[in-house]
Amino acid sequence: MPIICAEPIIIDDTTLRDGEQTAGVAFSRKEKIAIARMLDAMGVHELECGIPAMGDEECGSIRALVELGLNARLITWNRALVGDIRASIACGITSVDISLSVSDIMIRNKLGKNRAWVREQLKQALGFAKENGLYVSVGGEDASRADLTFLAELMDLAVTMGADRFRFCDTLGILDPFTMFEKVRALHGAVPSLPIEVHTHNDLGMATANAIAGIKAGARFVNTTVNGLGERAGNAALEEVVMALKVACGIDPGIDTHRFREISRYVGRASHRPVPAWKAIVGERAFAHESGIHADGVIKNPKNYEGFDPGEVGLTRQMVVGKHSGTSGLIERYRAVGITLTGDEAVLLLVRARNMAGDRKRPLTDADLMRLYETSSSSLAAA
Ligand SMILES: CC(=O)SCCNC(=O)CCNC(=O)[C@H](O)C(C)(C)COP(=O)(O)OP(=O)(O)OC[C@H]1O[C@@H](n2cnc3c(N)ncnc32)[C@H](O)[C@@H]1OP(=O)(O)O
Ligand SMILES: O=C(O)CCC(=O)C(=O)O
Numbered sequence: 001m002p003i004i005c006a007e008p009i010i011i012d013d014t015t016l017r018d019g020e021q022t023a024g025v026a027f028s029r030k031e032k033i034a035i036a037r038m039l040d041a042m043g044v045h046e047l048e049c050g051i052p053a054m055g056d057e058e059c060g061s062i063r064a065l066v067e068l069g070l071n072a073r074l075i076t077w078n079r080a081l082v083g084d085i086r087a088s089i090a091c092g093i094t095s096v097d098i099s100l101s102v103s104d105i106m107i108r109n110k111l112g113k114n115r116a117w118v119r120e121q122l123k124q125a126l127g128f129a130k131e132n133g134l135y136v137s138v139g140g141e142d143a144s145r146a147d148l149t150f151l152a153e154l155m156d157l158a159v160t161m162g163a164d165r166f167r168f169c170d171t172l173g174i175l176d177p178f179t180m181f182e183k184v185r186a187l188h189g190a191v192p193s194l195p196i197e198v199h200t201h202n203d204l205g206m207a208t209a210n211a212i213a214g215i216k217a218g219a220r221f222v223n224t225t226v227n228g229l230g231e232r233a234g235n236a237a238l239e240e241v242v243m244a245l246k247v248a249c250g251i252d253p254g255i256d257t258h259r260f261r262e263i264s265r266y267v268g269r270a271s272h273r274p275v276p277a278w279k280a281i282v283g284e285r286a287f288a289h290e291s292g293i294h295a296d297g298v299i300k301n302p303k304n305y306e307g308f309d310p311g312e313v314g315l316t317r318q319m320v321v322g323k324h325s326g327t328s329g330l331i332e333r334y335r336a337v338g339i340t341l342t343g344d345e346a347v348l349l350l351v352r353a354r355n356m357a358g359d360r361k362r363p364l365t366d367a368d369l370m371r372l373y374e375t376s377s378s379s380l381a382a383a
């Protein structure tokens, strides 16, 4: 059943920040500009575009993105350090994520500090950002393992100091959607005046589900990356979150989805992480039908076996002849290469086509189909 959102859902795409943090991935400046332009043209609302603290090269890229004058809001990632925020301001940035580890495990074992230090650091960094007129998302790193009462306390402090939103991060990707929902709902209930952003990771294969659960629990901002790039197993994929919102939740975040295939292929090349054929939404074979019952159903009406039209994401439907084909699919494929089969001919050819696909461990090409037809001509004449 469609859910009603009082306010629009804002997609904050972090392909250029967390996406580039995928181990071994490095985008050139030219690629960053191309990706940002595409995302902007598609109507993506915000781009987390880099980390000024990384140094001159990164700052040069961020400045170049600022100079594009995109519609999308550009936001940078910063530790809760005045120096990091200064570096963002020097890039011409007016929106920042100020990140603080908020779980006791990270506060103790990574930062070597305590909760009081975190509070103090937030005051200093947020205070500095606000004095400089910045829009601020307070990033709660490892929020999914943090004490909820402490999180609510930090959120209260953030509201008092003028923060614009709080980012709930499932940094390790260890939540399930039900727990995600409960935690985000609890925080939203505790501090309703501070909008929540959700940042999810795919370590258990639930990044998209958790992003959607966060939105259903009241989050208004959601982080995505093209193809689900990101630390370790990646983040929630832009194309999955947007289509899940549209198809499963009845929420249209206003993104031009027709370019999903195009941007997916571009980012796949630029990241040297080719898109698997079966990848949800954008995989080349995401709308390929081989199994007899499915092919027959799709031929009768695509709605039988497609949750949405492939054209909506820039893909095309493919009818495949293989080991699981039935006669309807085979007749349809032969029709596409200009040959009309009778029912008897299809029955005869089907056995041979299945065997051929099984032997070759791949679907039959047009050339395979033609050869099969020609080499079966005497049997077909008798059929
Ligand atoms: C969950 C995330 O994705 S967070 C984003 C992570 N992204 C990146 O790390 C990519 C870019 N990072 C970098 O270029 C570098 O790590 C830099 C420039 C930020 C820091 O570089 P270095 O000074 O060489 O430090 P190094 O990377 O070895 O260690 C990180 C330091 O930041 C500290 N730190 C980590 N998170 C925070 C935080 N939120 N606020 C303040 N300090 C922090 C660590 O405690 C550590 O400092 P320490 O050595 O005094 O304990
Ligand atoms: O903004 C933050 O605090 C960190 C975001 C992040 O990349 C993560 O927690 O995985």
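Residue numbering for the sequence shown follows full-length UniProt numbering, beginning at 1 and increasing consecutively.
Just so it is clear, CB atoms sit at the ideal spot from N, CA and C, and this is done for glycine as well.
None of the values given here were measured: they were computed from a predicted structure.
Quiz item: How about residue 390 and Glu-239: are their beta carbons less than 9 Å apart?
Solution: The requested residue 390 does not occur in the structure, where the chain is confined to residues 1 to 383.
Quiz item: To the nearest angstrom, how far is it from the Cα of Ile-3 to the Cα of Asn-132?
Solution: Reliability fails at Ile-3, whose pLDDT of 49 lies under 50, so the model's placement of it is uncertain and no value is given.
Quiz item: Contact check, Val-313 vs Val-282 under 8 Å by CB: the rounded distance?
Solution: 6 Å
Self-check item: Sequence-distant residues of the same chain with beta carbon closer than 7 Å to Asp-368, five excluded per side
Solution: Met-356
Self-check item: Ser-61 beta carbon near ligand 1 (any heavy atom closer than 8 Å)
Solution: no
Quiz item: If we ignore side chains and look at the alpha-carbon of each, how far apart do Arg-29 and Ala-353 end up?
Solution: 49 Å
Quiz item: Nearest-angstrom Cα distance between Met-1 and Ile-215?
Solution: Because the pLDDT of Met-1 is 39, which lies under 50, any placement of that residue in the model is unreliable, and the question is left without a value.
Quiz item: Between the Cα of Gly-19 and the Cα atoms of Arg-232, Ser-88, Lys-361, Gln-318, which residue gives the shortest distance?
Solution: Arg-232
Practice problem: Can you give me the Cβ contacts of Asp-256 inside the same chain, cut-off strictly under 6 Å, excluding the 5 residues immediately before and after it? | Solution: Met-42, Gly-43
Practice problem: Please write down, chain order preserved, every residue whose beta carbon lies under 7 Å from a heavy atom of ligand 2. | Solution: Asp-18, Trp-77, Asp-97, Ser-99, Leu-100, Gly-139, Gly-140, Glu-141, Asp-142, Arg-167, Cys-169, Thr-171, His-199, His-201, Glu-231
Exercise. Kindly indicate the opening and closing residues of the beta strand (DSSP E) around Asp-47.
Key: The question names Asp, yet the displayed sequence has Leu at residue 47. Its beta strand (DSSP E) spans residues 46–48.
Practice problem: Look at the alpha carbon of Asn-202 and the alpha carbon of Ala-383, and state the distance between them as a whole number of angstroms. | Solution: 54 Å
Quiz prompt | Whole-angstrom distance between Leu-126 and Asn-301, CA atom to CA atom | solution = 56 Å
Quiz item: Going by other Cβ atoms of all chains shown within 10 Å of its Cβ, with 16 needed for buried, is Pro-253 buried or exposed?
Solution: buried
Practice problem: Rounded to whole angstroms, what's the CA-CA distance from Asp-97 to Glu-284? Just pull it up for me. | Solution: 35 Å
Exercise. Could you tell me which of Leu-194, Asp-170, Asp-164, Leu-111 sits nearest to Ala-152, measuring between CA atoms?
Key: Leu-194
Quiz item: Which same chain residues, not among the five before or five after Asp-366, have their C-beta less than 6 Å away from its C-beta?
Solution: Val-337
Quiz item: If you compare alpha carbons, which of Gln-124, Met-180, Ala-163 is closest to Ala-146?
Solution: Met-180
Quiz prompt | Any non-hydrogen atom of ligand 1 within 8 Å of Leu-154 CB | solution = no
Quiz item: To the nearest angstrom, how far is it from the Cα of Ile-212 to the Cα of Leu-245?
Solution: 7 Å
Quiz item: Under the criterion of a Cβ to heavy atom distance below 8 Å, does Leu-151 qualify as lining ligand 1?
Solution: no
Practice problem: Check Leu-126 in the structure and name its three-state DSSP category. | Solution: helix
Quiz item: Cα separation between Leu-100 and Leu-122?
Solution: 7 Å
Quiz item: Can you list, in chain order, the stretches of the alpha helix (DSSP H) that have 4 or more residues and sit fully within the stretch 264–333?
Solution: 292–300
Quiz prompt | Continuous beta strand (DSSP E) assignments of at least 3 residues falling wholly in the stretch 36–89 | solution = 46–48, 73–79
Quiz item: Using a threshold of 8 Å, is the CB atom of Gly-55 nearer than that to any non-hydrogen atom of ligand 4?
Solution: Ligands in the displayed structure: ligand 1 and ligand 2; ligand 4 is not one of them.
Quiz item: Span of the alpha helix (DSSP H) holding Arg-354?
Solution: 343–360
Exercise. Express the C-alpha separation of Gly-268 and Asn-227 in angstroms, rounding to a whole number.
Key: 7 Å
Quiz prompt | Status (buried if at least 16 other CB within 10 Å, exposed otherwise) for Leu-175 | solution = buried
Quiz prompt | Start-to-end residues for the beta strand (DSSP E) that takes in Gly-173 | solution = Note, Gly-173: premise wrong, no beta strand (DSSP E); not H, not E.
Practice problem: Answer with buried or exposed for Leu-134, where buried requires no fewer than 16 other C-beta atoms within 10 angstroms of its C-beta. | Solution: buried
Quiz item: For Gln-318, is the beta carbon positioned less than 8 Å from some heavy atom of ligand 1?
Solution: no
Practice problem: Mark Trp-278 as exposed unless 16 or more other C-beta atoms lie within 10 angstroms of its C-beta, in which case mark it buried. | Solution: exposed
Quiz prompt | Backbone CA spacing between Cys-169 and Arg-362 [nearest angstrom] | solution = 42 Å
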